[in-house]
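These notes concern the structure reproduced below.
Residue numbers (the numbering used here): 4 to 219.
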(Lines of atoms letter the chains of each structure in order from A; the text may use other names.)
(Lines give C-alpha, C1' and ligand atoms only; values in the text may rest on other atoms or scores of the structure.)
Protein backbone atom coordinates (compact mmCIF):
# COMPACT_ATOMS: atom_id res chain seq x y z
CA UNK A 4 0.00 0.00 0.00
CA UNK A 5 1.60 3.32 -1.03
CA UNK A 6 2.40 5.82 1.66
CA UNK A 7 0.17 8.92 1.75
CA UNK A 8 1.76 12.02 0.25
CA UNK A 9 3.71 14.10 2.68
CA UNK A 10 2.19 17.41 3.62
CA UNK A 11 4.61 20.20 2.83
CA UNK A 12 4.28 23.07 5.24
CA UNK A 13 4.63 26.40 3.50
CA UNK A 14 4.67 29.87 4.92
CA UNK A 15 1.60 32.00 4.45
CA UNK A 16 1.53 35.54 3.10
CA UNK A 17 0.91 36.77 6.65
CA UNK A 18 4.09 35.00 7.79
CA UNK A 19 6.16 36.93 5.27
CA UNK A 20 4.43 40.20 6.11
CA UNK A 21 5.18 39.61 9.78
CA UNK A 22 8.83 38.81 8.99
CA UNK A 23 9.18 42.13 7.15
CA UNK A 24 8.60 44.01 10.41
CA UNK A 25 11.05 43.72 13.28
CA UNK A 26 9.79 42.37 16.60
CA UNK A 27 10.68 45.52 18.51
CA UNK A 28 8.90 47.64 15.88
CA UNK A 29 5.74 45.57 16.27
CA UNK A 30 5.90 45.98 20.05
CA UNK A 31 6.46 49.73 19.71
CA UNK A 32 3.55 50.09 17.31
CA UNK A 33 1.22 48.06 19.54
CA UNK A 34 2.17 50.30 22.46
CA UNK A 35 1.54 53.42 20.38
CA UNK A 36 -1.93 52.30 19.36
CA UNK A 37 -2.73 51.40 22.96
CA UNK A 38 -1.49 54.81 24.14
CA UNK A 39 -3.75 56.57 21.64
CA UNK A 40 -6.83 54.55 22.62
CA UNK A 41 -6.36 53.95 26.35
CA UNK A 42 -4.22 56.80 27.67
CA UNK A 43 -5.61 59.57 25.50
CA UNK A 44 -9.07 58.09 24.92
CA UNK A 45 -8.96 58.17 21.13
CA UNK A 46 -11.14 56.07 18.85
CA UNK A 47 -9.92 54.04 15.88
CA UNK A 48 -10.28 54.59 13.02
CA UNK A 49 -9.56 58.25 13.66
CA UNK A 50 -9.43 61.49 11.70
CA UNK A 51 -6.58 63.86 10.93
CA UNK A 52 -8.20 66.47 13.20
CA UNK A 53 -8.23 64.06 16.15
CA UNK A 54 -4.65 63.05 15.42
CA UNK A 55 -3.60 66.71 15.49
CA UNK A 56 -5.32 67.18 18.87
CA UNK A 57 -3.52 64.09 20.16
CA UNK A 58 -0.15 65.49 19.06
CA UNK A 59 -0.88 68.90 20.58
CA UNK A 60 -1.88 67.27 23.87
CA UNK A 61 1.48 65.53 24.26
CA UNK A 62 3.66 68.12 22.51
CA UNK A 63 5.33 69.34 25.71
CA UNK A 64 5.61 65.95 27.46
CA UNK A 65 6.76 63.52 24.75
CA UNK A 66 9.84 63.79 22.56
CA UNK A 67 9.36 64.72 18.93
CA UNK A 68 10.75 61.36 17.78
CA UNK A 69 8.29 59.57 20.06
CA UNK A 70 5.39 61.48 18.53
CA UNK A 71 6.67 60.65 15.03
CA UNK A 72 6.73 56.97 15.98
CA UNK A 73 3.17 57.23 17.34
CA UNK A 74 2.01 58.79 14.06
CA UNK A 75 3.78 56.07 12.05
CA UNK A 76 2.13 53.38 14.16
CA UNK A 77 -1.33 54.85 13.72
CA UNK A 78 -0.67 55.27 10.01
CA UNK A 79 0.31 51.61 9.71
CA UNK A 80 -2.80 50.54 11.64
CA UNK A 81 -5.13 52.44 9.32
CA UNK A 82 -3.43 51.15 6.17
CA UNK A 83 -3.41 47.54 7.36
CA UNK A 84 -7.12 47.73 8.27
CA UNK A 85 -8.12 49.34 4.97
CA UNK A 86 -9.05 52.77 6.36
CA UNK A 87 -8.07 56.22 5.09
CA UNK A 88 -4.71 57.14 6.59
CA UNK A 89 -5.10 60.34 8.66
CA UNK A 90 -1.32 60.68 9.03
CA UNK A 91 -1.02 61.66 5.36
CA UNK A 92 -2.97 64.87 5.92
CA UNK A 93 -0.99 68.09 5.49
CA UNK A 94 -2.17 69.47 8.82
CA UNK A 95 -0.70 66.48 10.69
CA UNK A 96 2.68 67.05 9.07
CA UNK A 97 2.48 70.77 9.87
CA UNK A 98 1.69 70.08 13.52
CA UNK A 99 4.66 67.71 13.81
CA UNK A 100 6.93 70.30 12.21
CA UNK A 101 5.69 73.03 14.55
CA UNK A 102 6.19 70.83 17.61
CA UNK A 103 9.81 70.27 16.65
CA UNK A 104 10.29 74.05 16.28
CA UNK A 105 8.50 75.05 19.50
CA UNK A 106 9.75 72.19 21.71
CA UNK A 107 13.39 71.58 20.77
CA UNK A 108 15.13 68.96 22.87
CA UNK A 109 18.72 67.69 22.88
CA UNK A 110 19.29 64.17 21.63
CA UNK A 111 19.85 61.81 24.56
CA UNK A 112 22.94 59.66 24.24
CA UNK A 113 24.01 56.81 26.48
CA UNK A 114 27.25 57.40 28.36
CA UNK A 115 29.82 54.83 27.23
CA UNK A 116 31.95 52.90 29.68
CA UNK A 117 35.37 54.46 30.13
CA UNK A 118 38.35 52.45 28.91
CA UNK A 119 39.86 52.05 32.44
CA UNK A 120 36.62 50.44 33.60
CA UNK A 121 36.65 48.04 30.65
CA UNK A 122 40.29 47.18 31.29
CA UNK A 123 39.55 46.50 34.95
CA UNK A 124 36.65 44.25 33.99
CA UNK A 125 38.79 42.42 31.44
CA UNK A 126 41.54 41.90 34.02
CA UNK A 127 39.04 40.33 36.40
CA UNK A 128 37.65 38.03 33.70
CA UNK A 129 41.15 37.12 32.58
CA UNK A 130 41.90 35.86 36.08
CA UNK A 131 38.70 33.79 36.06
CA UNK A 132 39.67 32.31 32.68
CA UNK A 133 42.59 30.61 34.45
CA UNK A 134 40.34 29.11 37.10
CA UNK A 135 40.57 25.36 37.71
CA UNK A 136 36.78 25.26 37.88
CA UNK A 137 35.64 24.56 34.33
CA UNK A 138 32.29 26.32 34.61
CA UNK A 139 33.96 29.49 35.87
CA UNK A 140 36.66 29.55 33.18
CA UNK A 141 34.22 28.84 30.34
CA UNK A 142 31.84 31.55 31.50
CA UNK A 143 34.66 34.07 31.81
CA UNK A 144 35.96 33.21 28.32
CA UNK A 145 32.48 33.71 26.91
CA UNK A 146 32.02 37.00 28.72
CA UNK A 147 35.36 38.36 27.50
CA UNK A 148 34.42 37.49 23.93
CA UNK A 149 31.06 39.21 24.28
CA UNK A 150 32.57 42.33 25.82
CA UNK A 151 35.29 42.94 23.25
CA UNK A 152 33.34 41.84 20.20
CA UNK A 153 30.52 44.09 21.35
CA UNK A 154 32.94 46.93 22.10
CA UNK A 155 34.79 46.92 18.79
CA UNK A 156 31.77 46.21 16.58
CA UNK A 157 29.08 47.96 18.61
CA UNK A 158 26.72 44.97 18.48
CA UNK A 159 23.35 45.18 20.18
CA UNK A 160 22.07 42.38 22.40
CA UNK A 161 19.60 41.17 19.76
CA UNK A 162 22.41 41.05 17.19
CA UNK A 163 24.46 38.84 19.50
CA UNK A 164 21.57 36.38 19.70
CA UNK A 165 21.60 36.06 15.89
CA UNK A 166 25.33 35.35 15.71
CA UNK A 167 25.82 31.69 14.69
CA UNK A 168 28.98 29.59 14.81
CA UNK A 169 28.77 28.88 11.08
CA UNK A 170 28.75 32.62 10.48
CA UNK A 171 32.23 33.05 12.00
CA UNK A 172 35.13 32.86 9.55
CA UNK A 173 38.74 32.62 10.72
CA UNK A 174 41.60 34.13 8.73
CA UNK A 175 44.98 33.13 10.25
CA UNK A 176 47.14 36.10 11.33
CA UNK A 177 44.39 38.54 10.34
CA UNK A 178 41.35 37.93 12.53
CA UNK A 179 37.70 37.05 12.23
CA UNK A 180 34.74 37.86 10.06
CA UNK A 181 31.32 37.72 11.71
CA UNK A 182 28.22 37.37 9.57
CA UNK A 183 24.84 38.65 10.71
CA UNK A 184 21.82 37.78 8.61
CA UNK A 185 20.00 40.79 10.04
CA UNK A 186 21.08 43.88 11.93
CA UNK A 187 19.72 47.32 12.79
CA UNK A 188 21.32 49.07 9.84
CA UNK A 189 20.45 46.32 7.36
CA UNK A 190 17.09 47.61 6.18
CA UNK A 191 16.91 45.24 3.20
CA UNK A 192 17.84 42.03 5.10
CA UNK A 193 20.81 41.48 2.80
CA UNK A 194 23.09 40.30 5.60
CA UNK A 195 26.45 41.81 6.43
CA UNK A 196 29.99 40.69 7.28
CA UNK A 197 31.76 42.44 10.17
CA UNK A 198 35.56 42.15 10.22
CA UNK A 199 37.44 41.82 13.50
CA UNK A 200 41.18 42.26 12.96
CA UNK A 201 43.87 40.93 15.28
CA UNK A 202 44.98 43.73 17.62
CA UNK A 203 48.05 44.14 19.80
CA UNK A 204 45.99 45.05 22.86
CA UNK A 205 42.44 44.30 23.92
CA UNK A 206 42.11 41.95 20.97
CA UNK A 207 38.66 40.36 20.60
CA UNK A 208 40.03 37.42 18.60
CA UNK A 209 42.07 35.87 21.41
CA UNK A 210 38.94 35.30 23.46
CA UNK A 211 37.61 32.72 21.02
CA UNK A 212 38.28 28.99 21.61
CA UNK A 213 40.11 28.81 18.28
CA UNK A 214 42.45 31.73 19.03
CA UNK A 215 45.50 29.58 18.26
CA UNK A 216 44.23 29.14 14.70
CA UNK A 217 43.89 32.89 14.39
CA UNK A 218 47.17 33.95 15.89
CA UNK A 219 49.63 31.19 14.90
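A virtual CB, placed ideally from N, CA and C, is assigned to each residue, including glycine.
Sixteen is the threshold: when 16 or more other Cβ atoms of the shown chains lie within 10 Å of the Cβ of residue 102, as they do, the residue is buried. Check the Cα spacing between residue 174 and each of 118, 146 and 209: the tightest is with 209. Relative to residue 204, the option among 121, 33 and 55 whose CA is nearest is 121.
Assigned with DSSP and collapsed to three states, residue 81 falls in helix.
Residue burial annotation: residue 39 is buried, with at least 16 other C-beta atoms found within 10 angstroms of its C-beta. Pairing residue 184 with residue 194 gives a Cβ-Cβ distance under 8 Å. The secondary-structure analysis by DSSP pairs residue 173 across a beta bridge with 179. Short of 6 Å from the beta carbon of residue 96, and not among the five residues preceding or following it, lies no beta carbon of its own chain.
Judged by DSSP in its simplified three-state form, residue 166 adopts coil rather than helix or strand.
Around the C-beta of residue 86, fewer than 16 other C-beta atoms lie within 10 Å, and the residue is accordingly described as exposed. The C-beta distance from residue 35 to residue 76 rounds to 3 Å, short enough to fall under 8 Å.
Rounded to the nearest angstrom, the gap between the Cα atoms of residue 131 and residue 145 is 11 Å.
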